[in-house]
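Residue numbers for the sequence shown follow the UniProt record's numbering, so the first one is 1 and each next one is one higher.
Even glycine gets a Cβ: it sits at the ideal position worked out from N, Cα and C.
Nothing here was measured: the structure is a model prediction, and the numbers come from that model.
A short write-up of the structure that comes next.
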Amino acid sequence: MPAPTAPKAPPAPGSRKAPARAPAKAPAKAPAKTAAAAKGAGLAAAGAGRPAPAASPAAVLTISSKNYSSWSLRGYLLCRLAGLDMAEARVSADDPSIRAELLLQSSSFLVPRLDHEGLRIWDTLAIAEYLHELAPEAGLLPTNRAARAHCRSICGEMHSGFANLRSALPMNIKAHHPGFKVWAGAQGDIMRIVAIWSECLKTYGGPYLFGPHPTMADAMYAPVCSRFTTYDVPLDPNSRAYCKAVLALPAMRDWTAAAQEEPDEMEELDVEF
1 MPAPTAPKAP PAPGSRKAPA RAPAKAPAKA PAKTAAAAKG AGLAAAGAGR PAPAASPAAV
61 LTISSKNYSS WSLRGYLLCR LAGLDMAEAR VSADDPSIRA ELLLQSSSFL VPRLDHEGLR
121 IWDTLAIAEY LHELAPEAGL LPTNRAARAH CRSICGEMHS GFANLRSALP MNIKAHHPGF
181 KVWAGAQGDI MRIVAIWSEC LKTYGGPYLF GPHPTMADAM YAPVCSRFTT YDVPLDPNSR
241 AYCKAVLALP AMRDWTAAAQ EEPDEMEELD VEF
């Protein structure tokens with residue numbers, strides 16, 4: 001016979017055992033927004049039925065005159081060749097430092113200037129190298145190491161040299177001086193530039209200096225193509241064909257069209273011609 005079990009003690013007066021509770025459920029997660037819902041939220045934030053404003057360009061390129069400033073042209077072409085989304089800002093030719101640069105009285109100025117992602121780059125070669133790092137697929141520099149060194153060398157030569165050419169044949173896209181007589185000091189610069197072009201076109205096959213696609217070298221020498229056209233400089237057939245190819249670049253055509261519409265702000269440049 002089994003032993004009788006002891007009766008359970010009654011609960012103490014004033015105490016009550018709380019019934020066991022089921023564990024609390026975690027709050028349900030809000031469903032993730034679909035792409036359509038996110039787009040709808042953006043439209044609502046921008047205003048009922050109105051799309052959100054377009055994003056601002058990623059960069060701002062500060063330039064001066066499109067008709068007279070060869071350095072502004074170089075910076076512009078570099079940005080266009082790199083495919084950089086940019087807005088243009090213009091410094092007036094009335095600014096004393098810009099006026100001095102355009103009148104060939106200053107070798108130190110901050111135009112063109114590229115502002116991008118909090119950075120400010122104002123030297124043309126620095127802009128070129130920065131854009132190459134930013135978009136190497138754009139081909140501002142050749143892929144071959146020896147060709148890259150060659151390209152950098154002739155860009156540096158243009159960046160720091162040819163002072164006689166700059167003085168005798170200032171950039172002026174709207175002007176044309178057929179039969180212009182080039183003085184002897186500038187003629188040496190012209191011969192050197194033509195020699196550079198001839199070597200590059202022979203070595204890399206054209207139509208641009210380093211082959212079938214334009215590079216930073218073509219951006220650096222593009223203002224020379226414009227000058228040779230303005231002052232009717234006699235050229236060999238290969239050099240003429242190269243100038244034609246550069247001047248036909250879409251970015252160059254856009255710049256030239258804008259220069260033609262630019263008001264004459266620097267009459268001093270035309271005094272001696």
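Going by DSSP, name the residue or residues bridged to residue i.
{"i": "I63", "result": "R90"}
{"i": "L114", "result": "L61 and I121"}
Less than 9 Å between the C-beta atoms of residue i and residue j, yes or no?
{"i": "V60", "j": "H116", "result": "yes"}
{"i": "M171", "j": "Y68", "result": "yes"}
{"i": "A245", "j": "G211", "result": "no"}
{"i": "A82", "j": "A135", "result": "yes"}
{"i": "L201", "j": "N164", "result": "no"}
{"i": "D85", "j": "P112", "result": "no"}
{"i": "E199", "j": "K66", "result": "no"}
{"i": "G132", "j": "L140", "result": "In the sequence as displayed, the identity of residue 132 is His instead of Gly. Going by C-beta atoms, H132 is nearer than 9 Å to L140."}
{"i": "I121", "j": "V91", "result": "no"}
Could you check which residue in the options has the C-alpha nearest to that of residue i?
{"i": "A257", "options": "L141, N164, C151 and I173", "result": "I173"}
{"i": "A251", "options": "P57, L78 and L165", "result": "L78"}
{"i": "W255", "options": "G185, G118 and E88", "result": "E88"}
{"i": "Y204", "options": "D264, T143 and E262", "result": "T143"}
{"i": "L114", "options": "L141, A138, R145 and R80", "result": "R80"}
{"i": "F180", "options": "A146, R145 and F228", "result": "F228"}
{"i": "A249", "options": "F162, E137, H213 and A259", "result": "The question names Ala, yet the displayed sequence has Leu at residue 249. Per the Cα distances, H213."}
{"i": "L209", "options": "C243, G185 and A184", "result": "C243"}
{"i": "R126", "options": "G156, A195 and S64", "result": "It should be noted that the sequence gives Ala, not Arg, for residue 126. It is G156 whose Cα lies nearest to the Cα of A126."}
For residue i and chain D, any beta-carbon pair shorter than 9 Å?
{"i": "L114", "result": "Looking for chain D here will not work: only one protein chain is present."}
_Which complete alpha helix (DSSP H) runs does the segment 184–262 hold, if anything under 4 residues is left out?_
As far as the segment 184–262 is concerned, its whole alpha helix (DSSP H) runs of at least 4 residues are 184–204, 216–230, 237–247 and 250–260.
**Prompt:** Between the segment 70–78 and the segment 218–225, do three or more beta carbon pairs fall short of 8 Å?
**Reply:** The segment 70–78 and the segment 218–225 touch, with no fewer than 3 CB-CB distances between them shorter than 8 Å.
Across the segment 188–195 and the segment 231–239, are there enough close Cβ pairs to call them in contact, namely three or more that are closer than 8 Å? Counting C-beta pairs closer than 8 Å gives three or more between the segment 188–195 and the segment 231–239, which meets the contact rule.
At 4 residues or longer, what runs of the alpha helix (DSSP H) sit wholly inside the segment 123–161?
Listed in chain order, the complete alpha helix (DSSP H) runs (minimum 4 residues) inside the segment 123–161 are 124–134 and 145–160.
Within the chosen definition, does the segment 146–164 reach the segment 212–221 through at least 3 CB pairs nearer than 8 Å? In the pairwise beta carbon analysis, the segment 146–164 is classified as touching the segment 212–221: at least three pairs are separated by under 8 Å.
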